[in-house]
Amino acid sequence: MLSSVVNLPTFVVARAELTAPKQEKALLEIAVNLMVPSATGDGEFHGPSINEFFPDVIFFADTPFEINRIILIRFLAVAVLMLVFWLGTRRMKIIPTRGQSLAEMGLDFVRVNIAEDLLGKKDGKRFLPLLTTIFFMVLFMNLTGIIPFLNIAGTSVIGVPLLLGLIAYATFIYAGVKKNPAKFFRNSLFPPGVPVGLYIIVTPIEFISTFLVRPFTLTLRLMMNMIVGHLLLVLFFSATQFFFFTADGGFKLFGAGTLVFGFAFTLFEVLIALLQAYIFALLTAVYIQLALAEEH
-13 MLSSVVNLPT FVVARAELTA PKQEKALLEI AVNLMVPSAT GDGEFHGPSI NEFFPDVIFF
47 ADTPFEINRI ILIRFLAVAV LMLVFWLGTR RMKIIPTRGQ SLAEMGLDFV RVNIAEDLLG
107 KKDGKRFLPL LTTIFFMVLF MNLTGIIPFL NIAGTSVIGV PLLLGLIAYA TFIYAGVKKN
167 PAKFFRNSLF PPGVPVGLYI IVTPIEFIST FLVRPFTLTL RLMMNMIVGH LLLVLFFSAT
227 QFFFFTADGG FKLFGAGTLV FGFAFTLFEV LIALLQAYIF ALLTAVYIQL ALAEEH
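Note that the working numbering numbers the sequence shown so that position 274 is 260, with each residue one more than the last.
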């Protein structure tokens, strides 16, 4: 969504991932305050609150299994995902039904455009279950951000993006080690063809970019896009409510503009939800492909 989010410097990425939850909340609050001026007093505009990403606990408070609104949304997204594919594949026919056609279309998109396109048929088939799971899990959790009464993406809090990033990280290392146990780490850190004297510069860069930055960039790219999308939608629709029901005189006309922008950004968020799912699965496949490359 924002190029500045996609191209975060390495040290910022690493620092953001290592911060404690309280520090993360403080950083996000600063970002919101920069985007949306705080409002005090009755009858004034109130922008989106950072507390939306840290909702109150609903079940199992003060235990390791605390469940809040966002976790419930994640459960719902996974349940709907399983239901959709169960309904679409429970009665497979040679002449597919409409539901079967939609399920096959989605599965073929991942198989052809991500797995086989980057990894070939043999390796694409090996890693297809993982890539399919990542794509549709991210997609369904992203889409909860525009569904009425849910209104927040399951990927807008770090847990799920970080988990998927670590899974992608472990998978490409597993793929490389399994193919070339003796050469994977050596060739990753000491690329063939580089003059020996340059390894003092190249090796630290390769170590940071290959083994440290990748899971963090996957995590932050997805999470920050969903955070910004949510803040923009809340900003537009809360502004619409303010202009229509609180503002005086001609200021009410501004509500029509913010309403139009709200609907436009809702459609844009659908595109972003699909795009971020595609990018996450695609980059996972790219990392696996690089680990399987012959020079490793």
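Think of the CB as a built atom: it goes at the ideal place given N, C-alpha and C, for glycine as much as any other residue.
When C-alpha distances from residue 240 are compared across 68, 225, 108, 198, the shortest belongs to 225. Contact holds between the region 131 to 147 and the region 211 to 219, because three or more Cβ pairs, one in each stretch, are under 8 Å apart. When DSSP states are grouped into helix, strand and coil, residue 137 belongs to the coil group. CA-to-CA, the gap between residue 48 and residue 40 works out to about 15 Å.
Uninterrupted alpha helix (DSSP H) stretches at least 4 residues long and entirely within the region 194 to 238 occur at 200 to 231, given in chain order.
Around the Cβ of residue 122, a 10 Å sphere holds 16 or more other Cβ atoms; the residue is buried. In the structure shown, residue 158 falls within a helical segment according to DSSP collapsed to helix, strand and coil. Judged by DSSP secondary structure, residue 43 falls within the beta strand (DSSP E) whose first and last residues are 43 to 45. Rounded to the nearest angstrom, the gap between the Cα atoms of residue 169 and residue 153 is 22 Å. The C-beta separation of residue 101 from residue 110 comes to about 4 Å, placing the pair in contact by the 8 Å criterion. Excluding residues up to 5 positions away in sequence, 240, 241 lie with their Cβ nearer than 8 Å to the Cβ of residue 233 in the same chain. Contact between the region 168 to 183 and the region 51 to 71 is absent: fewer than three C-beta pairs spanning the two stretches fall below 8 Å.
Between residue 34 and residue 220 a beta carbon distance of about 4 Å is seen, short of the 8 Å cut, so the two are scored as contacting. The continuous alpha helix (DSSP H) containing residue 91 extends over residues 84 to 96. With contacts defined by Cβ atoms closer than 9 Å, residue 246 and residue 132 do not form a contacting pair.
Shown here for residue 158: same chain residues with a beta carbon closer than 6 Å to its own, the five before and five after excluded, namely 273, 274, 277 in chain order. Using a Cβ distance threshold of 9 Å, residue 206 and residue 189 do not count as a contacting pair. If you look at residue 166, you'll find it isn't in any alpha helix (DSSP H); DSSP assigns it neither H nor E. Between residue 126 and residue 66, the CB-CB gap stays under 9 Å. DSSP lists 43 as the bridge partner or partners of residue 54. In terms of Cβ geometry, residue 120 and residue 270 form a close pair [threshold 9 Å]. Here the alpha carbons of residue 237 and residue 267 stand approximately 45 Å from one another. Judged by beta-carbon spacing, residue 52 lies beyond the 9 Å limit of residue 64, meaning their Cβ atoms are not closer than that value. Closest by C-alpha distance to residue 199, out of 151, 223, 162, 212, is 151. A Cβ-Cβ distance of about 5 Å is found for the pair residue 130 and residue 59, placing them in contact under the 8 Å criterion.
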